[in-house]
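Chains as they are written, first to last, in our numbering: chain B, 117 to 609; chain L, 2 to 307; chain G, 9 to 327. Cβ coordinates follow ideal geometry from the N, Cα and C atoms, glycine included. For clarity, every value in this text was computed on a predicted model and none was experimentally measured.
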Amino acid sequence: MKLLSLISGVALAAMTVFATAAASAGDITIAIGSEPSTLDPQVRDDGGERAVNDNIYETLMARTPDAKLVPGLAAADPVQKDGTTWEFKLRPNIKFTNGEPFNADAVVASVTRIIDPTLKSEQISYFGTITGAKKVDDLTVDITTNGPDPILPARMYWMKMVPPKYVSDPNFASHPIGTGPYLFDSWSRGESIVIKANPNYWGGAPSIGQVTYKFIGESGTRLSGLMAGELDLITNLLPEFTKQVPKFAAVQGLETSVIVLSTENPSTKDPRVREAMNLAIDRDALAKDLFGGYAKVTQGQLVNPKAFGFNTALKPYAYDPDKAKALIKEAGAEGATVTLQGESGRWLKDRETIEAVAAYWTAIGLKVDVQISEFGEYLNRLFDKAHRPDAIFVANSDELLDADRAVTSGYESGASFASNNDQDMAAESKAARTETDPTKRAAMYADITKKAYDGNYLAPLLNEEDIYGMSARLDWTPRVDSKLIVKEMKTTD
Amino acid sequence: MIRFLLRRIGQGLLVVLGVTMVVFVATRLVGNPVQVMLPLSSTDQERAAFTHTLGLDKPIAQQFVEFIGNLATLNFGDSLWQRRPALAVVFQHLPLTLELIACGLGLAILLAVPLGAFAALRPGGIADRFATFGGLLGLSIPQFWLGLMLIVFFAVRLHWLPTSGIGGPSHIILPAITMALPSMARLMMMVRSSVIDELNQQYIRTARAKGLHFTQVLFGHAMRNALVPFLTLAGWEFINGMAGYTVVVESVFAWPGLGFTALKAIDHNDLYLLQAIVFTVAIIIVIVNIAMDVVYKAIDPRINLA
Amino acid sequence: MTAANILPAETGATPRSKWWVLAEELWRDKAGFIGFVVIVLLLIMAIFAPLLAPYDPAVQSILTRLKPPAWLDGGDWAHPFGTDQLGRDILSRVIYGARASLLVGVSVVAFAGTLGVLLGLFAGYKGGRIDLFIMRAVDVQVAFPGLLLIILIVSVVGPGLVTTIVVLALTNWMVYARVIRGIVLSVRQTAYVEAAEMIGTKPSRVIFRHILPNLTSPLLTLGILEFTNIVLAEAAMSFLGLGIQPPATSWGLDIANGKDYLFVAWWLVAFPGLSISITVLAINLFANWLRVTTDPQEREKRFARAKAAERRRHRGEGR
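Right, dumping it as structure tokens:
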């Protein structure tokens, strides 16, 4: 009998050791929405790949969790030497984890590779202005642009630095090597990617020892995984579930929803009609009811509140359905049909938002024809220059956190999805893109956003928050730029 | 036999070619992949430049000629979405779908044969009526709903099994059950009706009169003759799976097989990957069809397959 | 006793109407009877949906989101099946959902059936090259990854009710063609049809008087079984987002909408799923009965089995 209990005691102890060895304190599992197709950090514009590579590779400039642009691998903020050249000084004594030194050669190689047309990088739209990089000395690099480019520092926050020799290795895309706080460990295709802490990281070894990424496309399945204890962190948690999960955190994110109104189409030509359309929407109700409070009403503009060029002077559009009805009557637009284009499933609560707005516009006397298209067709309509839609829903994401992106997409006539014909505004937007004096630049964006606000070119809706579900043992404050930077995470066990 | 095989292979190739043509046309109509690949805030010039870099602005006729030429060397180009050779992507995901179909069909056959045979022993009896009802029930439950319910019950409530994805052996259990249910129901009903019919045949009565033990009769004679229709159905179930009916199960369980990949490829307007997938699947279906015909001939030389 | 009712013509009793006899047979097969009753109820539900449903299925009410079914904590009888994430009443959506399923099912069977029957008739009757060509077309279509074809077409044309019907018809006509062609070929080989053709009977007369009557029974059963396939296929398509689009209601669509909330609100998925299952099961049970009843060989078997089962029971009692 004693022997039996001794044996079972040993067996139990052994099992416990095995169990905890698998998931020791300081290891976490993160669920991302899709498996990366490649771990080459410069080829694709893929959130799944970034989730992993943001911890393995680093960039010259970085951002604080609150989105302030600070030096990363650079030693200090870059200096603009002349109209088309920015000078970066690099931090000394940094190595890639395969021993290659991080220096000016590495920067030049990284820049040259990503702008090379043969790479066919999907990220080229972030770096379209860069013409090249030149080594000045081992720790100084000049990056040249094709014209004045005040956004260059923000661009360098998006460009990952790769090891110049290893980059031509055939394994590069499946076994990444960077300067960052984590090392690539393994990739079991279809199943998971594992990264481990880099003990020699120049910023000090991170707290969490190992991260396993699992690929789960369905938000309901991610939630189930979290609830079942299989996961420590899930993204895009729906607002309805914040009470269910062990822990959650919400932070203002990069996405802003907006309805772009046409200033030329017969039904929306009259500025009074557009003003009415803006006044008719109860944005507070949308934020509270649809998003459970996890969204903020926009301040009358498409620019992200954390972005450079955000116009702090603009106030949110009021909710005044009576005035809206009166304006519609005055413009003689009662019963007029407005087409509202949109898609479903790509962005959080997109269909619900579109239908809610349609309901608001119907309530003030318009007839709304809601057309939800499949995403490819929706994109065709969004970018169709010849036939602008009366109204089209978009959720704009501002990765570089600079007003230029938002303004060029939604405000500048003739660009991506703007629906106005304001050539002065377009000229100002083009000028602002190359204005190197930040004060002047900010003033130009203030001017543009105010003009669009007064003219009701857009109906900006909500600044959406990113909600993350976490296990009880994970301790983390999420970031505005929605990057999953594991070195900022801790476990409580 | 050889002539027959050659003829079937020739027909099969025509079929595969026809299928690939259709996909080529359909994918060109679908839309602009570049719009989905680049961030929404890209400018029109950036999109146009990228389209040109990918060679997608070449005239359709030229694309078609290149496509046919590449087909001969089985070069499907690089997947626009994954940026690596399309055929490699297909071969990475294909085994997972095959595993799903195999496990599902295997489970179905394992259950269907004994259940069907047992029900057939006493037709009209209690077991038979239960089996028939159960079979019809199995055919009536939508697979995606069954999968979701299984996940809620076994993974979330009981924590017995994982909620999704691939991994160790425990990950295949729920997906295999979900795949198996309708197949099992169909196969069981077919086994039952075949065995009933066989058991009523004269030669069975003769065998029993001769004194052969019942199980000998059952397995030695009745079930062997039921083999051909059974094989037909099993083969059809397999083909159905390949033909995309794993998509639903793969979606629900986040099982990264070919169906799942095809859905994503369509999402990304990835023409090249779609072509590669459809081509591969068509070839597999044709091969399975031909193999089944060969097996028929081997089992029962009387069968005329013309 | 049982014998007399199954073969009424032989009793010499007052001849009852064919329908009454059928009704009695249906009653005997409890499962088939229940199936029939459910089907009738579903038809009523679909046709009279506006009268039966307590609410408009598309009406959203932000205040009453995710209410549980009435018999659970937090539910109330104003919403017997609870509400979904937009506050829409689930019972109403289930009732209206029947319309989509039945409409798609009937339309597709009608179109696919007509197309398939015509092609099968043509192939079987004309034979030769035409037959070869049509059957090759069937082969190509069968070899085509069915669901992938559906997905492709939908992504080109865009999803919706009409696309769903057209696409399902295009991918499901083949079975009709094959079955009809087989029957045509075998009927043409019977002595009396050969004789009729020999004496120069017009083809249309041959078809109508000899071939068609042989088609009705298998076509009926096939159509009903295909109907269940279509209902399941439409549900799967809507589930994948390729079928019926909001604001229209479909059971498959509701399951897709509800799966994100599965963990907190299982009723969003459970009731539409149950509806699909019950509908398809009912049709299957009824079709099973129908198949046996309309096929003389099967009727014989059923009769024989019932007798054998009875005998076994009596034997058991006798011991």
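query                                                                                                                                                               : result
Can you check the stretch 149-173 of chain B for any alpha helix (DSSP H) of at least 4 residues that lies completely inside it and give the ranges in chain order? : 163-169
In whole angstroms, what separates the C-alpha of D386 (chain B) from that of I444 (chain B)?                                                                       : 10 Å
Nearest chain B C-beta to D268 (chain G) closer than 7 Å, yes or no?                                                                                                : yes
Nearest by alpha-carbon distance to P594 (chain B): which of B:S532, B:Q368, B:D438, B:M393 is it?                                                                  : B:Q368
Over the uninterrupted alpha helix (DSSP H) stretch that includes F119 (chain L), give me the two end residues.                                                     : 87-122
Please look up how many angstroms separate the CB atoms of W297 (chain G) and G40 (chain G), rounded, as I've assumed it's under 8 Å.                               : 3 Å
Can you look up E356 (chain B) in the DSSP assignment and give me helix, strand or coil?                                                                            : helix
Quick one: list the residues of chain L neighbouring N537 (chain B), beta-carbon separation under 7 Å, in chain order.                                              : Here the premise fails: no neighbours, minimum Cβ distance about 16 Å.
With a cut-off of 8 Å, do at least 3 Cβ pairs link the stretch 180-200 of chain G to the stretch 212-225 of chain G?                                                : yes
Do the CB positions of S598 (chain B) and F331 (chain B) come within less than 7 Å of each other?                                                                   : no
Taking a Cβ distance cut-off of 9 Å, strictly less, list which residues of the stretch 139-159 of chain L are near chain G, in chain order.                         : L140, S141, I142, P143, Q144, F145, W146, L147, L149, M150, I152, V153, V157
Could you check if T337 (chain B) is buried or exposed, using at least 16 other CB atoms within 10 Å of its CB as the buried criterion?                             : buried
Under three-state DSSP, which class holds W256 (chain L)?                                                                                                           : coil
Would you list, in chain order, the members of the stretch 340-355 of chain B that have their beta-carbon closer than 8 Å to a beta-carbon of chain L?              : S340, G341, M343, A344, G345, E346
Under a Cβ-count criterion, where at least 16 other Cβ atoms within 10 Å of its own Cβ denotes burial, should Y399 (chain G) be classed as buried or exposed?       : An answer regarding residue 399 (chain G) cannot be provided, because it is not within the stretch 9 to 327 covered by chain G.
Going by DSSP in three states, N579 (chain B) sits in which element: helix, strand or coil?                                                                         : strand
With DSSP collapsed to three states, give me the class of Q202 (chain L).                                                                                           : coil
Flag this pair as yes or no: are the beta carbons of F204 (chain B) and P217 (chain B) separated by less than 7 Å?                                                  : no
Could you check the C-alpha separation between T565 (chain B) and Y527 (chain B) for me, to the nearest Å?                                                          : 8 Å
Using C-beta distances below 6 Å, list every residue in its chain close to Q326 (chain B), excluding the 5 sequence neighbours before and after it, in chain order. : D143, K312
Pull the bridge partners of F364 (chain B) from the DSSP assignment, please.                                                                                        : B:G585
Would P233 (chain B) pass as an interface residue toward chain L - the criterion being a Cβ-Cβ separation below 7 Å?                                                : yes
Looking at the strands, I want to know which residues DSSP matches up with P187 (chain B).                                                                          : B:M177
Residues of the stretch 260-288 of chain G in Cβ contact with chain L at a cutoff of 7 Å, in chain order, please.                                                   : I263, K267, L270, F271, W274, V277, G281, I284, S285, V288
Taking only the alpha-carbon atoms, compute the straight-line gap between A263 (chain L) and F5 (chain L) and give it to the nearest angstrom.                      : 34 Å
Grouping DSSP H, G and I as helix and E and B as strand, with all else coil, what is F212 (chain B)?                                                                : coil
Closest to N420 (chain B) by CA distance: which of B:L370, B:L498, B:K439, B:V486 is it?                                                                            : B:L370
What are the partner residues of Y298 (chain B), as DSSP defines its beta bridges?                                                                                  : B:A313
Run through the stretch 136-212 of chain G for me and flag every whole alpha helix (DSSP H) of 4 or more residues, listed as ranges in chain order.                 : 136-151, 154-165, 169-180, 182-196, 199-206
Can you have a look at H269 (chain L) and say buried or exposed, based on whether 16 or more other CB atoms are within 10 angstroms of its CB?                      : buried
Could you give the distance in angstroms between the alpha-carbon of I142 (chain L) and the alpha-carbon of S212 (chain G)?                                         : 43 Å
Can you pull the chain G residues whose beta carbon is under 7 Å from the beta carbon of G461 (chain B), in chain order?                                            : G249
Tell me whether the beta-carbon of V153 (chain L) lies closer than 7 Å to the beta-carbon of L270 (chain G).                                                        : yes
In terms of alpha-carbon separation, which member of G:I219, G:L250, G:N292 lies closest to F130 (chain G)?                                                         : G:I219
Ends of the alpha helix (DSSP H) at K404 (chain B)?                                                                                                                 : Careful: K404 (chain B) lies outside any alpha helix (DSSP H) and carries neither H nor E.
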